[in-house]
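Written out below as structure tokens is the structure these notes cover.
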Amino acid sequence: MNFINSYAQLPEHFYAKIRTANAPEPELIAWNKELAMQLGLNELDADEARLARIFSGNEPLPGGETIALAYAGHQFGHFVPQLGDGRAALIAEIVSPVDGERYDIQLKGSGQTPFSRNGDGKSSLGPVIREFLLSEAMHKLGVPTTRALAAVSTGEDVVRETREPGGVMTRVASSHIRVGTFQYFASRDDKAAMKELTNYAIARHYPDAASAEQPVFAFFSAVVKKQARLVAHWMALGFIHGVMNTDNSAISGETLDYGPCAFMDEFHINKVFSSIDRQGRYAYGQQANMAQWNLTRLAECLMMLDGDQKDYESLLDQFIPAFEEHYFAFMGNKLGLAELTDDDPELITAWLQHLQDNQLDYSQSFRQLATCLDNSESISFGDFEARWLKRIDQQDGGREEAGRLMASSNPVVIPRNHQVERAIEAAFEDDFSVFNELRQVLASPFTEQPGLEHYSIPPESHERVMATFCGT
Numbered sequence: 000m001n002f003i004n005s006y007a008q009l010p011e012h013f014y015a016k017i018r019t020a021n022a023p024e025p026e027l028i029a030w031n032k033e034l035a036m037q038l039g040l041n042e043l044d045a046d047e048a049r050l051a052r053i054f055s056g057n058e059p060l061p062g063g064e065t066i067a068l069a070y071a072g073h074q075f076g077h078f079v080p081q082l083g084d085g086r087a088a089l090i091a092e093i094v095s096p097v098d099g100e101r102y103d104i105q106l107k108g109s110g111q112t113p114f115s116r117n118g119d120g121k122s123s124l125g126p127v128i129r130e131f132l133l134s135e136a137m138h139k140l141g142v143p144t145t146r147a148l149a150a151v152s153t154g155e156d157v158v159r160e161t162r163e164p165g166g167v168m169t170r171v172a173s174s175h176i177r178v179g180t181f182q183y184f185a186s187r188d189d190k191a192a193m194k195e196l197t198n199y200a201i202a203r204h205y206p207d208a209a210s211a212e213q214p215v216f217a218f219f220s221a222v223v224k225k226q227a228r229l230v231a232h233w234m235a236l237g238f239i240h241g242v243m244n245t246d247n248s249a250i251s252g253e254t255l256d257y258g259p260c261a262f263m264d265e266f267h268i269n270k271v272f273s274s275i276d277r278q279g280r281y282a283y284g285q286q287a288n289m290a291q292w293n294l295t296r297l298a299e300c301l302m303m304l305d306g307d308q309k310d311y312e313s314l315l316d317q318f319i320p321a322f323e324e325h326y327f328a329f330m331g332n333k334l335g336l337a338e339l340t341d342d343d344p345e346l347i348t349a350w351l352q353h354l355q356d357n358q359l360d361y362s363q364s365f366r367q368l369a370t371c372l373d374n375s376e377s378i379s380f381g382d383f384e385a386r387w388l389k390r391i392d393q394q395d396g397g398r399e400e401a402g403r404l405m406a407s408s409n410p411v412v413i414p415r416n417h418q419v420e421r422a423i424e425a426a427f428e429d430d431f432s433v434f435n436e437l438r439q440v441l442a443s444p445f446t447e448q449p450g451l452e453h454y455s456i457p458p459e460s461h462e463r464v465m466a467t468f469c470g471t
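Counting in numbering that gives the first Met the number 0, the sequence shown runs from 0 upward without gaps.
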């Protein structure tokens, strides 16, 4: 195992060197063997006690250097010039022996840093369980995302609204460079740091941009394309990020931060779960606009270095059309449409309107609609059903091909809020069986799993989670 930290080779004002807090009685809750194999860490599998020490922060990784990253950010539209890793520690980077890619290994909840802003730097077990389940579920659904390597209980309580058991989550990411990282240096008018950061980001994520006529603009163009596809994928799955601040917008194009996120049950275009999003800034239907807003903030930073403002504006104007192209392609697949016609976006919109008007469950309704293909006894979807079947019958492959496409595009199970909350509540009582079973189910989201059908059922009225919290 060769651990390094290339980010720690950047100038010292990019980060702060730190020491993680000591966890009094760390115990391993979960270890992601599949991800460990990808990272070449599988030799650690057999020693749970050592895993608990390492991934609580008690034992350093050889060759790693523990740092907290500096960044700024717009939080709900308000600029904060210094945020930074307030409860996270980048303990190492590793180059995967499987895919040759470089990955960050970061602990979340490992104690105070210079960026903690009067916080304790620690995490309750709830956000640890939540991010582990949600990020791994997103990976299995095919969405670019940070991953969960380990979850550890610390053996001490943390004080939030009440006393709660503490935990540490190990997050793996292509990097933790955010739009807010660029804002940190641009807001200080530090052109040298901006240049160094941009060169590092290009080399690490978009090396082809280095040979372009305008490397910085080519880098920006690559980030825009990644974000357009990412947000389209979120929305096709009914996912609401909930806190799309610029410090949570990763230039790698991965989903970052699972604090108040949620998957919709009943469909509504303006659905909001986050308890702190009182104005609906990051509502389901606003996510593409907010991604474009974040990219505009990135463009403002990069224009310090290279390019004409009109070029950046022109590219930003292309973001929504690029998003829509990806979104309607994803949605077409979910409706069994292999090739879209000019009329299909309107058909897709009519389907969503039907879901909203009838307060239908988003994910389950696609699976139920698929049963109409073989004329089996199924739920009726009214006038839409006849219109949709007529369209299916017009395409090559007909209903059989549409059925296969729908089965591979519509998950049987998603990490529903009430199921995740059940896992957290049980974990607070030192019972991880619900967490482990839900983790197992979410690992095969497109497969019917006999005996576990209850995980695919929408919540009853008394089970609904009406608001989510960031957990800090």
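Note that beta-carbon positions come from the ideal geometry of N, C-alpha and C, so glycine has one too. The structure displayed is predicted, hence computed values, not measured ones.
Exposure of Q308 is indicated by the presence of fewer than 16 other C-beta atoms within 10 angstroms of its C-beta. Below 8 Å, enough C-beta pairs join the stretch 342 to 355 and the stretch 323 to 331 to call them touching: three or more. Taking a C-beta distance under 8 Å as the contact criterion, N244 and G72 qualify as a contact pair. Sequence-distant Cβ neighbours of D256 in its own chain, meaning closer than 7 Å and more than five residues away, are V242 and N247.
Between T19 and G63, the C-beta spacing is not below 8 Å. The three-state secondary structure of A211, taken from DSSP, is coil.
Residue environment analysis places E399 among the exposed positions, since fewer than 16 neighbouring C-beta atoms fall within 10 angstroms of its C-beta. With contacts defined by Cβ atoms closer than 8 Å, A227 and A217 do not form a contacting pair. For M168, the enclosing beta strand (DSSP E) stretches over residues R162 to A172. CA-to-CA, the gap between P414 and L133 works out to about 6 Å.
Under the three-state reduction of DSSP, E155 is assigned to strand.
About 6 Å separates the beta carbon of D156 from that of P164, a gap short enough to meet the 8 Å contact definition. In summary, I378 is exposed, with fewer than 16 beta-carbon neighbours lying within 10 Å of its beta-carbon over all protein chains present.
Checking the DSSP bridge columns, you'll see H461 has no partner listed.
By the CB criterion at 8 Å, G335 and I391 fall inside the cutoff.
Boundaries of the beta strand (DSSP E) around D103: R101 to K107. Contact between G179 and L60 is ruled out by a C-beta separation of about 26 Å, above the 8 Å threshold.
Rounded to whole angstroms, the Cβ separation of A369 and G402 is 6 Å, and the two are in contact under 8 Å.
If the five residues before and after P96 are omitted, its C-beta is found closer than 6 Å to the C-beta atoms of G39, all from its own chain and listed in chain order.
The bridge partners DSSP lists for G306 come to none. Here K333 is buried. Its C-beta has 16 or more other C-beta atoms within 10 Å. Assignment of D360 by DSSP, reduced to helix, strand and coil, places it in the strand class. Between V94 and the set R187, E253 and V171, the nearest pair of CA atoms involves V171.
In the DSSP assignment, Y326 falls within the unbroken alpha helix (DSSP H) covering F318 to K333. In its chain, beyond the 5 residues on either side, S134, M137, V142, P143, T144, T145, L229, W233 and H240 have a beta carbon closer than 8 Å to the beta carbon of T254.
Taking N1 as reference, the option from E92, N41, A29 and L34 with the minimal CA-CA separation is E92. Cβ neighbours of Q355 within its own chain (closer than 6 Å, five residues either side excluded): F266 and H267. Taking each of L437, D276, E452 and C300 in turn and checking the Cα distance to S186, the smallest one comes out for C300.
Counting along the chain, the unbroken beta strand (DSSP E) around F78 starts and ends at H77 to V79. When DSSP states are grouped into helix, strand and coil, S407 belongs to the helix group. When V151, Y14, E11 and R86 are compared, the shortest CA-CA separation from I53 is found for V151. Listed in chain order, the non-local C-beta contacts of Y205 below 7 Å within the same chain comprise F218 and A221, local neighbours out to five positions each way being set aside.
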